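Working notes, beginning with the structure itself.
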Amino acid sequence: MRVGIITHNVFPGDGQGRVTYEIAKYAKSQGAEVVLIADKVSSDLTDLGIEWIRIRGLDKVTNLLKGIHFAISATLLVKREKLNFDVLLCNGAVYYAKHDINVAHFVHGAWLKSKYYPFRRVTSLYSLYQRCFTSLNAFLERRVFGNARWVVGISGNVSGELASIGIEKTRIVGIGNGVDTTEFSPGPADREALGLPIDVPLALFAGDIRTSRKNLDSVLTALTESPSLHLAVVGSTAGSPFPKRVEELGLQNRVRFLGYRRDLPVIMRASDFFVFPSRYETSGLVVFEAMASGLPVVTARTTGASELVSKESGYVLADPDDTNGIAKVLRLLSEDEKRRRRLGDGALRVAQRNTWQHMTARYWKLFVAVAGSRTNAD
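In the numbering used here, each residue's number is its place in the sequence shown (first place is 1) plus 728.
The following block contains the structure:
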């Protein structure tokens, strides 16, 4: 089987890139000939014999222009080189011609309609750009998804959003993401070495904190109601409004901004529970990773990975902006170590049923069906 994959990045450390990395590696292990058409690819994949055709991303331009340039380049490349595949998989609006499978990691049309979308009113050049970015991508994705035989929703939320923008339900396949339970696992960690407070309950938040979409603002507000709880925040603070917000709330002594970190598995092992009530999250790999680390999870229905969280493994809020609800749960978890241990054990069991191996096997089954249907049609 010859499998083509078109996407921007294929490497661990990038959300979409990690999913594609695992798919490519698994397909190769099953004997497929894998060709990656991408800008950046992890070297260990090419070491395995996976072919990489590079489309260099533009420098010093907006992400909007980068995306359009990449998609046009990929479309022209496949046509010019007459590349043929038994299965062609794309991630979102990266290819403008017919293909077999498109994996929807984000649905811009749904984000644009969300009541949490922050750029509905244009008040600056930045908000104008963001509105244009989302609107154009919403336009493009409808057409790109229409060009795919199958569209994969990476969570129940995404599958519902795909249907809401007009994708036929008969073409939607639900395949959730996964986690490496070797990389992320429970165990001891030295808080002091990480610059974290010892002998206190410690919650963890991880994600992009340049905007309010991940909802750190509600977590900080709720934290004021839990005086014994400390919070570690992983995510680059460049351009973030939240360090200032911490000062305004008088939380400087209880909130640690750790910046972007590559040692997230260690930081998770050093934490007591994970809080991530994102206002819009198609999946949320960090939720999978926290559960694999044996951490109870506090999240919201607006986070795709919340479908994994039950009363045996954490708490799911109906409204991500329910700061009173968040505060109540934070107090419960900060004051009850036995509860944390019980929910953490439940979270670990869930993660063990949702590994990368489980995910990639489902993609491979889809690949086999797609390739088989093409052979039968021929």
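Glycine is no exception: its CB is placed at the ideal position from the N, C-alpha and C atoms. Owing to the predicted nature of the structure, the values given are computational and were not obtained by experimental measurement.
Closest residue to residue i among the options (Cα-Cα distance)
i     : options                      : result
F873  : L890, I882 and F861          : L890
V835  : T748, G1100, V738 and G881   : G881
I783  : G777, F798, S770 and N791    : F798
P993  : I893, G820 and L1023         : L1023
G915  : L957, A1020 and P925         : A1020
G1074 : F1016, T1010 and D1050       : F1016
D787  : F847, T851, D767 and R990    : D767
W839  : R1007, I937 and T774         : R1007
T965  : S771, T1030, L944 and T949   : L944
T862  : G795, T1051 and A760         : G795
G1150 : V769, N865 and E761          : Since the displayed the chain opens at 729 and closes at 1106, residue 1150 lies outside it and no answer follows.
E1065 : S1101, D927 and Y845         : D927
Q1080 : L864, R859 and D908          : D908
L1076 : S1038, R1102, Y988 and D1047 : S1038
Q758  : A1046, V1096 and R849        : V1096
N776  : K807, H736, A760 and K897    : Reading off the sequence shown, one finds Leu at residue 776, where the question assumed Asn. Comparing Cα-Cα distances from L776 to each of K807, H736, A760 and K897, the minimum goes to A760.
R990  : G978, G935 and A802          : G935
CB contact flag (residue i, residue j, <9 Å)
i     : j     : result
N905  : S940  : no
I800  : C818  : no
E750  : T1088 : yes
S1011 : G1032 : yes
A986  : V962  : At residue 986 the sequence reads Leu, which differs from the Ala that was named. A contact, by the Cβ cut-off of 9 Å.
A1028 : A950  : no
F912  : L948  : no
L1071 : S1041 : yes
L804  : L811  : no
V1136 : V822  : Given that the chain is displayed from residue 729 to residue 1106, the structure contains no residue 1136 and the question cannot be resolved.
Y754  : Q1085 : yes
N865  : Y824  : no
R1059 : E953  : yes
Chain-order list of residues whose beta-carbon lies under 6 Å from that of residue i (same chain, five-residue window excluded)
i     : result
Q744  : N819 and H833
D814  : M729, R730 and A1099
L1036 : V1078
F1002 : L932, A1018, L1023 and V1025
D1000 : P929, L930 and R1068
A917  : V994, R997 and A998
A792  : One detail in the question is off: residue 792 reads as Leu in this sequence, not Ala. The answer, listed in chain order, is F861.
S968  : I937 and R938
P925  : H958
S715  : This structure does not reach residue 715, given that the chain is present from 729 up to 1106, and the question cannot be answered.
S842  : Y1008
Whole-number beta carbon distance between residue j and residue i, since they are thought to touch under 8 Å
i     : j     : result
V1026 : V1057 : 5 Å
I778  : K756  : 6 Å
R870  : G837  : 7 Å
Close Cβ partners of residue i (< 8 Å) along its chain, the five nearest in sequence each way excluded
i    : result
Q980 : V974
G923 : R984 and L986
Close-in-space but distant-in-sequence residues of the same chain around residue i (CB under 7 Å, 5 per side omitted)
i     : result
D1049 : S946
A752  : I733, V738, V762, L764, L773 and I778
R1090 : I903
S892  : A838
T910  : none
Legend entry - At least three beta-carbon pairs within less than 8 Å, the segment 849-860 to the segment 900-915: no
Legend entry - Three-pair Cβ contact test at 8 Å for the segment 951-960 versus the segment 915-932: yes
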